[in-house]
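J.: Protein chains in written order, with our numbering: chain A, 1 to 149; chain B, 150 to 253. All residues carry an ideal CB built from backbone N, CA and C; glycine is no exception.
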Amino acid sequence: MTVMKPMRRILLGALLAFFFKPLAALAASWNKDAFGAKNAADVLKGLGASGAAPSKDVVIEAPQIAENGAVVPIEIVSNVPGTTSIVVLIEKNPFPLAGVFEFMDGALPFVRLNVKMGETSDVRVIAEAGGRRYTATKEIKVTIGGCGG
Amino acid sequence: MAAGPMKMRATLGAGYTDVRVLMTHPMETGQRKDSDGKLIPLHFIQQVTVKLNGRTVVEGQISQGISRNPVFSFRIKGGAKGDRIEVSWLDNNGETNKTEAAVA
Chain A
1 MTVMKPMRRI LLGALLAFFF KPLAALAASW NKDAFGAKNA ADVLKGLGAS
51 GAAPSKDVVI EAPQIAENGA VVPIEIVSNV PGTTSIVVLI EKNPFPLAGV
101 FEFMDGALPF VRLNVKMGET SDVRVIAEAG GRRYTATKEI KVTIGGCGG
Chain B
150 MAAGPMKMRA TLGAGYTDVR VLMTHPMETG QRKDSDGKLI PLHFIQQVTV
200 KLNGRTVVEG QISQGISRNP VFSFRIKGGA KGDRIEVSWL DNNGETNKTE
250 AAVA
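Below is the structure:
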């Protein structure tokens, strides 16, 4: 018996892994509609994430002026309790949706990333918590060629 | 430029584990032209996954709007020295890469 039990557990684990892997892969599939959208409204439609309420608990840390639009660092924290996902849009980019991040199992609703910006634009972040959506925006000015201004 | 190696550092912060990862990838937007005036095809990472001791904790979908050679930071509540962090990515051509590190 003592030998059988771990063996059984391994088999069960393998079986579960086999059944759950395709499901997990499906859930994480890249959202073509939202990423292919060319304006913020269509992105939100593609994500099913319209109707977010403005919130001060969604915090965007970024430079006011980015000299190099190719690498603009943005740090995002959601202080809304129970946040499970964060969406980042650069509203005036040709394809505004930059990323969708889902947090589970102990991950904090925090992400720091570098984005490309074609021109001065609002950055919009939407955090989802308990089926509700909260949003914040921040304008980042892009000085093309880094000549200041 | 082709996709290449990754670098990662996972350190203990105040009540959380800080994961900082760099991916070598061109993140081509499909809108740039080469020296012959031909469009360089779209080539970018679409998915980023962070695992802690084998459990998925962050699942990210990203676009070509992320800068070349993407750098991300994530935070995981708690954590202990020696915890295993794994970060992997998958791009639109089906290429993939991953890296693993112990929390220091």
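1) Within 8 Å of any Cβ in chain B, is that where the Cβ of Glu-67(A) sits?
2) For a cutoff of 8 Å on Cβ pairs, would you count Leu-201(B) as touching chain A?
3) Less than 8 Å between CB atoms is the rule here; does Glu-208(B) satisfy it with respect to chain A?
4) Using the beta-carbon of each residue, which ones in chain B are nearer than 8 Å to Ala-98(A)?
5) Residues of the segment 100 to 126 of chain A with a CB closer than 8 Å to any CB of chain B: list them in chain order, please.
6) Under the three-state reduction of DSSP, which class applies to Ile-46(A): helix, strand or coil?
7) Should Leu-108(A) be labelled buried (16 or more other beta-carbon atoms within 10 Å of its own) or exposed?
8) Inspect the beta-carbon positions of Thr-135(A) and Pro-73(A) and report whether they are closer than 8 Å.
9) Of the choices Asn-68(A), Asp-105(A), Ala-129(A), Ala-70(A), whose alpha-carbon is the least far from that of Asp-57(A)?
10) Going along chain B, which residues have a C-beta under 8 Å from Ala-70(A)?
11) Just the Cα atoms here: how many angstroms apart are Glu-75(A) and Phe-101(A)?
12) Show which residues of chain B have a CB atom less than 7 Å away from the CB atom of Ile-90(A).
13) Looking at C-beta atoms only, is the number of pairs between the segment 120 to 129 of chain A and the segment 242 to 250 of chain B that lie closer than 8 Å three or more?
T.: So, from the data block:
1) The count along the first sequence starts at 1 and reaches residue 67(A) at position 67. Not one chain B Cβ lies under 8 Å of Glu-67(A).
2) Along the second sequence, one-based indexing puts residue 201(B) at 52. True, the Cβ-Cβ gap to chain A drops below 8 Å.
3) On the second sequence, residue 208(B) is found 59 positions in, with the first residue counted as 1. Glu-208(B) counts as touching chain A.
4) Position 98 of the first sequence holds residue 98(A). Within 8 Å Cβ-Cβ: Ile-211, Ser-212, Gly-214, Ile-215.
5) Val-100, Phe-101, Glu-102, Phe-103, Met-104, Asp-105, Gly-106, Ala-107, Leu-108, Phe-110, Val-111, Arg-112, Leu-113, Asn-114, Val-115, Lys-116
6) Position 46 of the first sequence, counting from 1, holds the residue named residue 46(A). The sequence shown places Gly at residue 46(A), not Ile. Residue state, collapsed to three classes: helix.
7) In the first sequence, counting from the first residue as 1, residue 108(A) sits at position 108. Label assigned to Leu-108(A): buried.
8) Residue 135(A) sits at position 135 when you count from the first residue of the first sequence. Residue 73(A) sits at position 73 when you count from the first residue of the first sequence. Not a contact, by the Cβ cut-off of 8 Å.
9) As a working mapping, residue 57(A) is identified with position 57 in the first sequence. The candidate whose alpha carbon is nearest that of Asp-57(A) is Ala-129(A).
10) For the purposes of this step, residue 70(A) is taken as residue 70 along the first sequence, with counting starting at 1. Simply Ser-216, Arg-217.
11) As a first step, residue 75(A) must be located in the first sequence, where it is residue number 75. As a first step, residue 101(A) must be located in the first sequence, where it is residue number 101. Between Glu-75(A) and Phe-101(A), the C-alpha separation is close to 13 Å.
12) Position 90 of the first sequence holds residue 90(A). Per Cβ cutoff of 7 Å: Gly-214.
13) no
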